[in-house]
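Chains V and D, in that order, are what the protein sequence lines are.
Each residue of the first sequence is one higher than the one before, counting from 5 in the numbering used here.
Each residue of the second sequence is one higher than the one before, counting from 6 in the numbering used here.
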Amino acid sequence: MTATLSITRQILDPAGKLCGTDPELSPEFLKELFVHMLRVRAVDERMLKLQRAGRIGFVGSMFGLEAAMIGSAAALEPQDWLWSGLREGGAALMRGLPLSEYIAQMYGNGSDTAKGRQMCNHQQHVGTHYPSWSSVIGTQIPHGVGAAYASKLRNENAVHAIYFGDGATSSNGFHSGMNFAGVWNAPAVFMCVDNGWAISVPSGHQTAGTYVSRGDAYGMEAHEVDGNDVLATFEAARLLVERARTENKPALLVIKTYRMAGHSSSDDPTRYRDQAEVDRWAAQDPLDRFETYLSSAGLLEQGGRERIYSELIAEIDDESNRQERAPKMPLRSLVDDVYADVPLHLRRQYNRFLEVSKRLGDAQPGDGAFPL
Amino acid sequence: MVTLTLLQALTDGMKTAMRKDESVLVFGEDVGKRGGVFLTTEGLQEEFSKQRCFDTPLSEDGIVGAAIGMAMNGMRPVAEIQFQDFIFPAFDQIVSEAAKLRYRSGGQYTCPLVIRTPYGGGIRGGLYHSQSGEAYFCHTPGLKVVIPSTPHDAKGLLIAAIEDPDPVLFLEPKALYRSVKGEVPEEHYTVDLSTLREVQSGSDVTVFCYGAMVPIVTKAANRAEENGIKTCVVDLRTLLPLDEEGVLEFAKKTGRVVVVHEAPRFCGFGAEISALIAENAIEYMEAPIARVTGFDTPFPNTLEHHYMPDDRRVLDAIEHVFNY
Ligand SMILES: Cc1ncc(C[n+]2csc(CCOP(=O)(O)OP(=O)(O)O)c2C)c(N)n1
Ligand SMILES: [Mg+2]
């Protein structure tokens, strides 16, 4: 299939100069995009700090991916769904996941909507269609396709943006998801965030072909965009999302960017990649690039970035302090939500556990036994 | 002899097998340059080249499927699945293909391969970096399922698994990777795949366990001894095929049995041990068999220390069967 939409790879060059057609976005919108991107960086910095201090267990960094996730997700409408691959927490914040819930999840405390059951970074938010996701790579891809098909049947006018990494393109879920979406004409946009690495495996080693050619293979339009260019990413996503909405046509967008940090707080990337490569990408930093553009367009005052950033940091620190003090999950949460009701065998199991826990002094008030 | 961690013993086991047999290949996600996310394959690519230790694309189904084909054509693949939680994309290849190839071909085709994978909780990994899925695989005739708990066994069992003519799922207790150290022979040796190991003797209560539960049970047994309950600890080491004679012998010795695993209870491996004893040695039993296990729930995150059996819960069960 040949691409029919005209999508440019780059609108801002690495130096932040306009090199493509100006999408003529409103100054307010441009400034908002910048704040959302800065928030991603600020959250990242603060969560890593909490992790190093031993306050939270783990962080999967979003550093370097700010334009990729914010640019693409900004193209979504409130009724659209965002299916996370693993690093889209910042996009979820932009779309309305409260910062308090984001941080509560990092602590896995009593305010976490997922009741402390998932490891860090696995946020969810029902209200903005950001579903709970599993760590198992690629599984969300067919889910997004099925949900998109349901949206079509229910005339919801909703598009499903399905995010995944370069590594995930090797998973079964990617291939069955792309195939089904093509066959069903599901209103889904596949957001392939090619950030250069799948832990220590370079993205060029996942396939002997190209990511963008996968669109052709499954009968859908596909484009590649500079994922460190927020304007190009937004424009490309906007066109594909609107096409999916109006014509029920799935599409693939390969968002080329770079994972600046290790795979996670447990990873040491110096074991497998050269600093020179990291430096090359640092020179194309998505925030620096956009900042230059905004400044030259007169939309950002001198010191504006620093001012916004410190406001964001203060807000995050404030919230972290609050979440740090939130109550823990009660023991009883061990056995709920396995089924709609706690079945008898689990009630018994819990009660027996509680007897021992009481003897051992682990049980708290509120951990009460179930009536059998 | 050298003193190694369990993880180092596994690395040493792979190196020893690779030096001895050119057809041994090690592959999986991140096992090459990075040396695995836990560093179990560190140094293998340097020593044996990219031909024999290499990264694959991110597909467990592909990893195991290709391993089967390699094994059918003369190689001895050692495939790593990064976490046992991620083995399920390969479940079909393991259960429908690897486990049944010998049977369905009347013994004309076989696939001697090893799937190594870290399992178990205690690292705050939440429900997808903590599971103990041994029961799924023990329910699969044609597979062997092995779980070491000491550096000595880790190396000896791994080499035995690599040299075994049948597919072996080799589950590595990640919680013990660096926390246990022990003496390991430097040379090639094997530990028989179907024999349990008496960790310590005792005449009052027998506790069966494996993998990461072994040190926890041993701690509980020592505390029980302080209270005058002589507790025998048995490390099963190979779950399939199980050393049934050994289990019955140790069960009969004390007539009081506890089984411990961190996997969920229902249809867990403890059920098999209990049934084996009930069928063959019930007349020796002085107390009901007790199980200390994970809950029949997915693996939690922040409450994982309550989910996983600890020495206190094990001790409680030991005292319960002793006082019955
Ligand atoms: C099925 C499965 N296999 C392996 C893993 C371990 N793992 C977690 S993330 C990851 C790499 C993912 O790479 P990519 O899809 O490019 O996403 P990125 O981390 O770069 O955002 C791997 C191998 C997993 N989570 N799930
Ligand atoms: Mg990647």
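Here a beta-carbon is modelled for each residue, glycine too, at the ideal position from N, C-alpha and C.
Assumed close pair residue i, residue j - CB separation to whole angstroms, cut-off 8 Å
{"i": "LEU37(V)", "j": "ILE74(V)", "result": "6 Å"}
{"i": "SER207(V)", "j": "ASP220(V)", "result": "Not really, about 19 Å apart at Cβ, beyond 8 Å."}
{"i": "ALA256(D)", "j": "ALA286(D)", "result": "5 Å"}
{"i": "ARG39(D)", "j": "TYR276(V)", "result": "5 Å"}
{"i": "VAL222(D)", "j": "VAL212(D)", "result": "5 Å"}
{"i": "ALA165(D)", "j": "THR145(D)", "result": "Contact doesn't hold; Cβ gap of about 19 Å is too wide."}
{"i": "ARG57(D)", "j": "VAL31(D)", "result": "7 Å"}
{"i": "LEU42(V)", "j": "ARG309(V)", "result": "7 Å"}
{"i": "GLY100(V)", "j": "THR132(V)", "result": "4 Å"}
Paired residues, beta bridge with residue i - DSSP
{"i": "TYR134(V)", "result": "HIS129(V)"}
{"i": "LYS149(D)", "result": "VAL173(D)"}
{"i": "ASP198(V)", "result": "LYS260(V)"}
{"i": "PRO206(V)", "result": "TRP201(V)"}
{"i": "PHE168(V)", "result": "CYS196(V)"}
{"i": "GLY33(D)", "result": "ASP60(D), GLU85(D)"}
{"i": "GLN205(D)", "result": "VAL238(D)"}
{"i": "GLY187(D)", "result": "LEU9(D)"}
{"i": "TYR230(V)", "result": "Note that residue 230(V) corresponds to Asp in the displayed sequence, not to Tyr. In DSSP, ASP230(V) forms a bridge with LYS260(V)."}
{"i": "ARG5(D)", "result": "In the structure displayed, chain D extends from 6 to 329; residue 5(D) sits before or after that span and is not available."}
{"i": "PRO269(D)", "result": "GLY299(D)"}
{"i": "LEU348(V)", "result": "LEU348(V) pairs with nothing; no bridge assigned."}
{"i": "VAL262(D)", "result": "THR211(D)"}
{"i": "ALA16(V)", "result": "The question names Ala, but residue 16(V) is Leu in the sequence shown. Its beta-bridge partners are LEU22(V)."}
{"i": "ALA78(V)", "result": "ALA78(V) is not bridged to any residue."}
{"i": "THR243(D)", "result": "VAL151(D)"}
{"i": "ALA255(V)", "result": "VAL193(V), GLU225(V)"}
Amino acids of chain V, ordered along the chain, whose beta-carbon sits closer than 9 Å to that of residue i
{"i": "THR46(D)", "result": "Going along chain V, no residue has its Cβ under 9 Å from THR46(D), so there is no contact; the nearest lies around 11 Å."}
{"i": "GLU34(D)", "result": "GLY171, ALA202, ILE203, SER204, VAL205"}
{"i": "PRO94(D)", "result": "VAL140, ILE141, GLY142, THR143, SER175, ASN176, GLY177"}
{"i": "VAL42(D)", "result": "ILE203, SER204, HIS267, SER270, ASP271"}
For residue i, the nearest candidate out of the options (CA to CA)
{"i": "ALA140(D)", "options": "MET77(D), PRO269(D), VAL196(D)", "result": "PRO269(D)"}
{"i": "GLU267(D)", "options": "GLU168(D), GLY299(D), ASP321(D)", "result": "GLY299(D)"}
{"i": "GLY147(D)", "options": "HIS134(D), GLY131(D), THR61(D), VAL173(D)", "result": "VAL173(D)"}
{"i": "GLY125(D)", "options": "LEU9(D), ARG202(D), SER137(D)", "result": "SER137(D)"}
{"i": "ARG356(V)", "options": "VAL342(V), TYR343(V), GLY372(V), ASP341(V)", "result": "GLY372(V)"}
{"i": "VAL219(D)", "options": "HIS193(D), PRO303(D), ARG81(D), VAL297(D)", "result": "VAL297(D)"}
{"i": "SER174(V)", "options": "GLY148(V), ASP345(V), GLY213(V), LEU348(V)", "result": "GLY213(V)"}
{"i": "LEU88(D)", "options": "SER135(D), ASP97(D), ILE99(D), CYS116(D)", "result": "For the record, residue 88(D) in the displayed sequence is Phe; it is not Leu. Measuring from the Cα of PHE88(D), the nearest candidate turns out to be SER135(D)."}
{"i": "GLU288(D)", "options": "MET313(D), PHE304(D), ARG261(D)", "result": "ARG261(D)"}
{"i": "VAL258(V)", "options": "VAL193(V), GLY68(V), ARG158(V)", "result": "VAL193(V)"}
{"i": "MET80(D)", "options": "ALA22(D), SER184(D), PHE274(D), GLU231(D)", "result": "ALA22(D)"}
{"i": "GLY2(V)", "options": "ASP366(V), TYR262(V), ALA255(V)", "result": "A query on residue 2(V) cannot be resolved here, the shown segment of chain V reaching from 5 to 376 and no further."}
{"i": "TYR354(V)", "options": "SER337(V), PRO369(V), TYR343(V), GLU92(V)", "result": "SER337(V)"}
{"i": "VAL342(V)", "options": "ASP289(V), MET182(V), ALA118(V)", "result": "ALA118(V)"}
{"i": "GLY169(V)", "options": "ALA151(V), LEU34(V), VAL205(V)", "result": "VAL205(V)"}
{"i": "TRP285(V)", "options": "SER270(V), ALA265(V), SER269(V), LEU298(V)", "result": "ALA265(V)"}
{"i": "GLU92(V)", "options": "HIS126(V), LYS35(V), LEU80(V), GLY112(V)", "result": "HIS126(V)"}
{"i": "ARG263(V)", "options": "LYS156(V), LEU69(V), GLU32(V)", "result": "LEU69(V)"}
{"i": "TYR297(V)", "options": "ALA46(V), CYS23(V), ILE11(V)", "result": "CYS23(V)"}
{"i": "LEU330(D)", "options": "ILE167(D), PHE327(D), GLY127(D)", "result": "Residue coverage of chain D in this structure runs from 6 to 329, which leaves residue 330(D) outside it and unanswerable."}
Contact set between residue i and chain V, taken where Cβ atoms lie within less than 8 Å
{"i": "THR302(D)", "result": "LEU338, VAL339, VAL342, LEU350"}
{"i": "LYS38(D)", "result": "SER204, ARG275, TYR276"}
{"i": "ASP66(D)", "result": "ASN176"}
Cross-chain neighbours of residue i in chain D, by beta carbon under 9 Å
{"i": "GLN122(V)", "result": "GLY131, LEU132, TYR133, ASN306"}
Neighbouring residues, chain D, relative to residue i (Cβ below 8 Å)
{"i": "GLY61(V)", "result": "ARG129"}
{"i": "GLN210(V)", "result": "PRO62, LEU63"}
{"i": "SER180(V)", "result": "What SER180(V) touches in chain D: nothing, since even the nearest Cβ is about 11 Å away."}
{"i": "GLY112(V)", "result": "ASN306, THR307"}
Residues that residue i contacts on chain V, provided the C-beta gap is smaller than 7 Å
{"i": "PHE91(D)", "result": "VAL140"}
Give, in chain order, every residue of the stretch 353–371 of chain V whose Cβ lies closer than 8 Å to some Cβ of chain D. GLN353, TYR354, PHE357, VAL360, SER361, ARG363, LEU364, ASP366
Using a beta-carbon distance cut-off of less than 8 Å, what residues from the stretch 313–337 of chain V approach chain D? LYS332, MET333, LEU335, SER337
Name the residues in the stretch 53–64 of chain D whose C-beta lies less than 7 Å from a C-beta of chain V; which are they? The residues in question are ASP60, PRO62, LEU63, SER64.
Interface positions of the stretch 307–321 of chain D facing chain V (Cβ-Cβ less than 7 Å), listed along the chain: THR307, LEU308, HIS311, TYR312, ARG317, ARG318, ASP321
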